[in-house]
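Okay, structure first, notes after.
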Amino acid sequence: MKKFLCPTYRQFACVSKPMSMLTNTNGKGSLISPSMYTEETLENQFASILQACCVHALIGQGKQVHAQVVVCGLSKNCNLGTKILSMYVFCGSIMEARNVFYQLELRYALPWNWIIRGITMMGWFNIALTFYFKMLASGISPDKYTFIYVIKACSGLKNARLGKLVHETIQLMGLKVDVFVASCLIKLYADNGCIHDARCLFDQIPHKDIVLWNVMINGYVKNGDTNNSVEMFLKMKKSDSKPNAVTFACMLSICASDVLIGFATQLHGLAVSCGVLYLSISYLNWNMQVWCKLKFDHSTLGEVMAMVASPGMSKAAAGEANVGEKGSESI
Numbered sequence: 001m002k003k004f005l006c007p008t009y010r011q012f013a014c015v016s017k018p019m020s021m022l023t024n025t026n027g028k029g030s031l032i033s034p035s036m037y038t039e040e041t042l043e044n045q046f047a048s049i050l051q052a053c054c055v056h057a058l059i060g061q062g063k064q065v066h067a068q069v070v071v072c073g074l075s076k077n078c079n080l081g082t083k084i085l086s087m088y089v090f091c092g093s094i095m096e097a098r099n100v101f102y103q104l105e106l107r108y109a110l111p112w113n114w115i116i117r118g119i120t121m122m123g124w125f126n127i128a129l130t131f132y133f134k135m136l137a138s139g140i141s142p143d144k145y146t147f148i149y150v151i152k153a154c155s156g157l158k159n160a161r162l163g164k165l166v167h168e169t170i171q172l173m174g175l176k177v178d179v180f181v182a183s184c185l186i187k188l189y190a191d192n193g194c195i196h197d198a199r200c201l202f203d204q205i206p207h208k209d210i211v212l213w214n215v216m217i218n219g220y221v222k223n224g225d226t227n228n229s230v231e232m233f234l235k236m237k238k239s240d241s242k243p244n245a246v247t248f249a250c251m252l253s254i255c256a257s258d259v260l261i262g263f264a265t266q267l268h269g270l271a272v273s274c275g276v277l278y279l280s281i282s283y284l285n286w287n288m289q290v291w292c293k294l295k296f297d298h299s300t301l302g303e304v305m306a307m308v309a310s311p312g313m314s315k316a317a318a319g320e321a322n323v324g325e326k327g328s329e330s331i
């Protein structure tokens, strides 16, 4: 029982230590007079506690801090107000976040970003877009963090047309489309059949990370384009980004649908040589599905099932890794 309580204890300790500075030791938790500390000291202490509440999703302690911020007369402090807003968003208390949002001076992007993010995470995509348009109407310039969740809201609504308008807005503002915004846009386009737009944007990004490659490969997979999926996978192998479990899961789904036995075997060998087979349950699940659909060698399927039962690499598995390295050379 003790080991299960330790994480919770550590979470509360992160909050109780800085909070003890602001509360009496009489057990009632009453606030020490704000005059005992400078506003800067109080702000720093509250900010530290709120950060801990965000990290550990401690909504109860977060509400206590919010109340003490109000008592101390710091409710108009923009920095603390935004941190309180972010705390409610992280804890999933969107109604409280909205109430805090309307009490802030909404003259910069950060509070707008937090409320749009929180509402999008709740799946209220239409409302998130309403806040985005209110932001524009208020004369506040969105930044890349705004666009990430606005695009996710468009994706949630399966509205590629609106996503294209957002993309055009980014271009008109002269903002650089980084890998985070690009991955959201590519996913939006690919999920809604605009695979050509997704590929055009992908080709414009000079430095591609593993997430961007996976999103593009998965886009082709979802659109049933086996040839381009394989082509993209081979290009990725030649780049600085190396395939991971997500990549192999995407590629194996193509093998399962098109019954590409030879390519599935090569993928399996490459995954083993990369160590992915022993690190990812998601990959193992896909692996078993593919072998079952392909009616592949039962010894291979048995080895994969053994890996699910025991994550450690057995001597037999280690031997397969050596075989896998040879099999992967042809990819």
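Each residue of the sequence shown is one higher than the one before, counting from 1 in full-length UniProt numbering. Virtual Cβ for every residue (Gly too), placed ideally from N, Cα, C.
query	result
Which runs of the beta strand (DSSP E) at least 3 residues long sit entirely within the segment 172-233? Give them in chain order.	none
Mind checking residue 251: buried by the 16 CB within 10 Å criterion, or exposed?	buried
From what residue to what residue does the alpha helix (DSSP H) around residue 136 run?	125-137
Could you pull out every residue in the same chain whose Cβ sits closer than 6 Å to the Cβ of residue 81, ignoring the five residues on either side in sequence?	104
Nearest by alpha-carbon distance to residue 179: which of 119, 234, 78, 147 is it?	147
Counting along the chain, where does the alpha helix (DSSP H) carrying residue 44 start and finish?	39-56
Please report the distance separating the alpha-carbon of residue 166 from that of residue 128.	14 Å
Classify residue 88 as buried or exposed, calling it buried when 16 or more other Cβ atoms lie within 10 Å of its own Cβ.	buried
Is residue 253 helix, strand or coil when you go by DSSP?	helix
Going by beta-carbon coordinates alone, are residue 184 and residue 160 separated by less than 7 Å?	no
Apart from the five residues just before and just after residue 158, which ones in its own chain have a Cβ nearer than 8 Å to its Cβ?	191, 192
Using the Cβ count rule (16 or more neighbours within 10 Å means buried), how would you classify residue 117?	buried
Do residue 120 and residue 149 have their C-beta atoms closer together than 7 Å?	yes
Hey, out of 126, 144, 231, 152, whose CA is closest to residue 176's CA?	144
Among the residues of its own chain, which have a CB less than 7 Å from the CB of residue 90, if the five just before and after it don't count?	54, 57
Is residue 216 buried or exposed, if buried means 16 or more other CB atoms sit within 10 Å of its CB?	buried
Residue 156 and residue 125: beta carbons closer than 7 Å?	yes
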